[in-house]
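Visitor: Quick one: this structure, given as C-alpha cells, is what I'll be asking you about.
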Amino acid sequence: MKAVGIVLAGGKRNALGALTMQRNVAAIPVGGSYRAIDFALSNLSNSGIKKVAVISQHNTRSLTDHISSSKWWGFGRKKTGLFLFTPHMISAETFSYRGTADAIYQNIDFLKKSNEPYVVIVSGEQVTKMDFTKLIQYHVDKNADITIMCKNMQGEDVKDYGVVQLDQENRMLELEEKPLEPESATASLGVYVLGRELLIHLLEELESEARYNFVSDILVRYRRKLK
Numbered sequence: 001m002k003a004v005g006i007v008l009a010g011g012k013r014n015a016l017g018a019l020t021m022q023r024n025v026a027a028i029p030v031g032g033s034y035r036a037i038d039f040a041l042s043n044l045s046n047s048g049i050k051k052v053a054v055i056s057q058h059n060t061r062s063l064t065d066h067i068s069s070s071k072w073w074g075f076g077r078k079k080t081g082l083f084l085f086t087p088h089m090i091s092a093e094t095f096s097y098r099g100t101a102d103a104i105y106q107n108i109d110f111l112k113k114s115n116e117p118y119v120v121i122v123s124g125e126q127v128t129k130m131d132f133t134k135l136i137q138y139h140v141d142k143n144a145d146i147t148i149m150c151k152n153m154q155g156e157d158v159k160d161y162g163v164v165q166l167d168q169e170n171r172m173l174e175l176e177e178k179p180l181e182p183e184s185a186t187a188s189l190g191v192y193v194l195g196r197e198l199l200i201h202l203l204e205e206l207e208s209e210a211r212y213n214f215v216s217d218i219l220v221r222y223r224r225k226l227k
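Residue numbers for the sequence shown follow the working numbering, beginning at 1 and rising by one.
Below, the structure written as C-alpha cells:
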C-alpha cells in the first residue's frame, strides 16, 4: 500500500530541561551518533514509505543539519524524498504553527502534490521500532477512515498519554488527553493512518473554522461521524 509520511518533530520539552534549550527534541542524540528522529525515519523507510515530510518550528537548525543527507534512510531524490518544512511567514505575529493540524495545513501543498492514497503521521520523538506496512493493511482491512496505533498499558500510569476507550471491535469510542482519572489503560501512541484526500478535506474544514489541533479537532470531534 503506497503512502506518504508526515513526521511531527516537536521543539522543547520542559521535562528534558537543558537538553532542548538549543536543540530540537527530535534531534536529541540517542546511542551516540543516532538522533531520536532516526527511528521514525527508519521505520517509514523500512515500511516502503519513501516520501516523507518532517514538520517542525523550534530549533530547526539541529534537525536540518542532521537530515541534510536523506541517503541515510534510503529516501529518493526526485518524485520521492525527504522534506523539512517550517512555518510560513504570514505575519510577524503568526510565525508559528498554531497546532498540529495547522502545522500540516500550512504545508498542505505537500499532500496535494502527492499521489499516494494514504498518509502515515508519526512523532519524531519516539524511540521505537514499528512496521507501518502492517498498520496500513490493518487500516484497509477494517475499512476505517482513521486508524490510531495504541498500546495496552495495564498496570502503568497513563496520565501523560492520550487515553482511548475502545469497543469490542477495537473501534474508538472516546479519547481523552492526559486525563486525571483514566477510564482505560489503552494509550494512543500518536501514530495515525488515514486517506490522503480525507486528510486534505478535514484540514481545509478545520482552517475555515479556525480549529488547529489534530487530536481535539479531528480525532475527538469527528469520533462519531468518521469510522
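Cβ atoms here follow ideal geometry from the backbone N, Cα and C, with glycine treated the same way.
All figures in this text were calculated on a predicted structure; none of them were measured in a lab.
#1: Name the residue from HIS58, GLY195, LYS112 and LEU175 whose alpha carbon lies nearest to the alpha carbon of ILE121.
#2: Within its chain, find whatever has a CB closer than 6 Å to the CB of LYS227; leave out the 5 residues flanking it on each side and keep chain order.
#3: Please classify PHE75: does DSSP put it in a helix, a strand, or coil?
#4: Could you spell out the range, first to last residue, of the beta strand (DSSP E) harbouring ASN152?
#5: Helix, strand or coil, according to DSSP, for ALA185 in the structure here?
#6: Between the C-alpha atoms of ALA53 and THR86, what's the straight-line distance to the nearest angstrom?
#7: To the nearest angstrom, report how far apart ILE313 and ALA210 are at their CA atoms.
#8: Tell whether a beta-carbon distance below 8 Å holds between SER56 and ALA9.
#9: So, at 6 Å on beta carbons, what are the nonlocal neighbours of SER188 in its own chain, with the 5 sequence-adjacent residues on each side left out?
#10: Under a three-way DSSP split, which group does ILE49 fall into?
#11: Three or more C-beta pairs under 8 Å: does that hold for the stretch 169-185 against the stretch 197-210?
#12: Is it right to say SER91 is buried, meaning 16 or more other beta carbons lie within 10 angstroms of its own, or is it exposed?
#13: Grab the span of the beta strand (DSSP E) containing SER123 for me, first residue to last.
#14: Can you tell me whether PHE214 is buried or exposed? The criterion is at least 16 other CB atoms within 10 Å of its CB, across all chains shown.
#15: Would you tell me roughly how many angstroms separate the C-alpha atoms of SER47 and GLU205, rounded to the nearest one?
#16: Hey, out of VAL191, SER68, GLU125 and ASP157, whose CA is closest to ALA36's CA?
#17: Between ASN170, ASP160, VAL193 and GLU197, which has its C-alpha nearest PRO179's C-alpha?
#18: Pull up the distance between the alpha-carbon of ASN107 and that of SER123, whole angstroms please.
#19: According to DSSP, which residues form a beta bridge with PRO29?
Guide: Quick look at the numbers:
#1: Numbered from its first residue, the sequence shown carries residue 121 at position 121. If we check each option's Cα against that of ILE121, GLY195 comes out closest.
#2: If you number the sequence shown from 1, residue 227 lands on position 227. ALA144 and ASP145, listed in sequence order.
#3: Here residue 75 corresponds to residue number 75 of the sequence shown, with the count starting at 1. DSSP places PHE75 outside both helix and strand once states are collapsed to three, so it counts as coil.
#4: Along the sequence shown, read from residue 1 onward, the residue named residue 152 stands at position 152. It spans 146-152 - the beta strand (DSSP E) in which ASN152 sits, taken as one unbroken run.
#5: Within the sequence shown, residue 185 is the residue found at index 185, counting from 1. In the three-state scheme derived from DSSP, where H, G and I count as helix and E and B as strand, ALA185 is classed as coil.
#6: Working through the sequence shown from its first residue, we reach residue 53 at position 53. Working through the sequence shown from its first residue, we reach residue 86 at position 86. For ALA53 and THR86, the distance between alpha carbons rounds to 10 Å.
#7: The requested residue 313 does not occur in the structure, where the chain is confined to residues 1 to 227.
#8: Looking up residue 56 in the sequence shown gives position 56. Looking up residue 9 in the sequence shown gives position 9. SER56 is a Cβ neighbour of ALA9, given a cutoff of 8 Å.
#9: For the purposes of this step, residue 188 is taken as residue 188 along the sequence shown, with counting starting at 1. ILE148, CYS150, GLY162 and VAL164, listed in sequence order.
#10: As a working note, residue 49 is residue 49 in the sequence shown. If DSSP states are grouped into helix, strand and coil, ILE49 belongs with coil.
#11: Contact between the stretch 169-185 and the stretch 197-210 is absent, because fewer than three Cβ pairs lie under 8 Å.
#12: For the purposes of this step, residue 91 is taken as the residue at position 91 of the sequence shown. For SER91, the pLDDT reaches just 48, beneath the cut-off of 50, and the residue's location in the model is therefore unreliable, leaving the point undetermined.
#13: Numbered from its first residue, the sequence shown carries residue 123 at position 123. From DSSP, the beta strand (DSSP E) with SER123 extends over 118-123.
#14: Looking up residue 214 in the sequence shown gives position 214. When all chains shown are included, PHE214 counts as buried.
#15: As a first step, residue 47 is located in the sequence shown; it is residue number 47 there, counting from the start. As a first step, residue 205 is located in the sequence shown; it is residue number 205 there, counting from the start. If you take the alpha carbons of SER47 and GLU205, they lie about 30 Å apart.
#16: The residue given as residue 36 occupies position 36 in the sequence shown. When the alpha-carbon of ALA36 is set against those of VAL191, SER68, GLU125 and ASP157, the nearest one is in GLU125.
#17: Position 179 of the sequence shown holds residue 179. With respect to the C-alpha of PRO179, the residue from ASN170, ASP160, VAL193 and GLU197 having the closest C-alpha is ASP160.
#18: Within the sequence shown, residue 107 is the residue found at index 107, counting from 1. Within the sequence shown, residue 123 is the residue found at index 123, counting from 1. ASN107 and SER123: Cα-Cα distance of roughly 17 Å.
#19: Position 29 of the sequence shown, counting from 1, holds the residue named residue 29. Bridge pairing for PRO29: ARG35 [DSSP].
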